[in-house]
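Residue numbers for the sequence shown follow the numbering used here, beginning at 717 and rising by one.
The beta-carbon is built from N, C-alpha and C at its ideal position, and this holds for glycine as well.
As the structure is a computational prediction, the values presented were derived from the model and not from experiment.
Data first, discussion second: the structure below is written as structure tokens.
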Amino acid sequence: MAKRIPQRQCLGCREMKPKPELLRVVRSPSGEVSLDPRGKLPGRGAYICPNADCFRRAVKSRALSRALETQIPDEVMERLAAALEAENNGQGA
């Protein structure tokens with residue numbers, strides 16, 4: 717019997733995709749927002765496709781802030797965008 721792969725919805729494009737294909741953004745119990753590349757950090761998580769368009773859409777519609785139930789400061793958003801870009805550059809090489 718094949719192992720069932722969990723599905724998660726991207727906050728940007730709103731498509732259901734297999735969990736391993738998406739990136740997790742997490743709000744830790746202490747309130748810090750960061751990118752969770754392994755998907756194992758404790759806290760409230762939200763999922764986005766690993767591309768800049770979905771990230772921009774999630775930020776513009778405030779879906780990321782709503783999903784994490786916190787207001788995300790601009791400097792944290794910039795740090796997330798830079799981490800997402802670095803993640804994409806690492807996979808493309």
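Going along the chain, which residues of its own chain have a beta-carbon closer than 6 Å to the beta-carbon of residue i, five neighbours each way excluded?
{"i": "C770", "result": "C726, G728, C729, I764"}
{"i": "A799", "result": "L751"}
Beta-carbon within less than 7 Å of residue i's beta-carbon, same chain only, minus the 5 sequence neighbours each way: which residues are those?
{"i": "S781", "result": "Q787, I788"}
{"i": "V775", "result": "M793"}
{"i": "R772", "result": "none"}
Identify whether residue i lies in helix, strand or coil by the three-state DSSP scheme.
{"i": "R743", "result": "strand"}
{"i": "A718", "result": "coil"}
{"i": "L800", "result": "helix"}
Which same chain residues, not among the five before or five after residue i, have their C-beta less than 8 Å away from its C-beta?
{"i": "Q723", "result": "M732, K733, P734, K735"}
Since residue i is in the beta strand (DSSP E), which residue starts that stretch and which ends it?
{"i": "K733", "result": "732-734"}
{"i": "S781", "result": "Run containing S781: none in the beta strand (DSSP E); it sits in the alpha helix (DSSP H), 779-784."}
Looking at residue j and residue i, is the spacing between their C-beta atoms short of 9 Å?
{"i": "E803", "j": "R743", "result": "no"}
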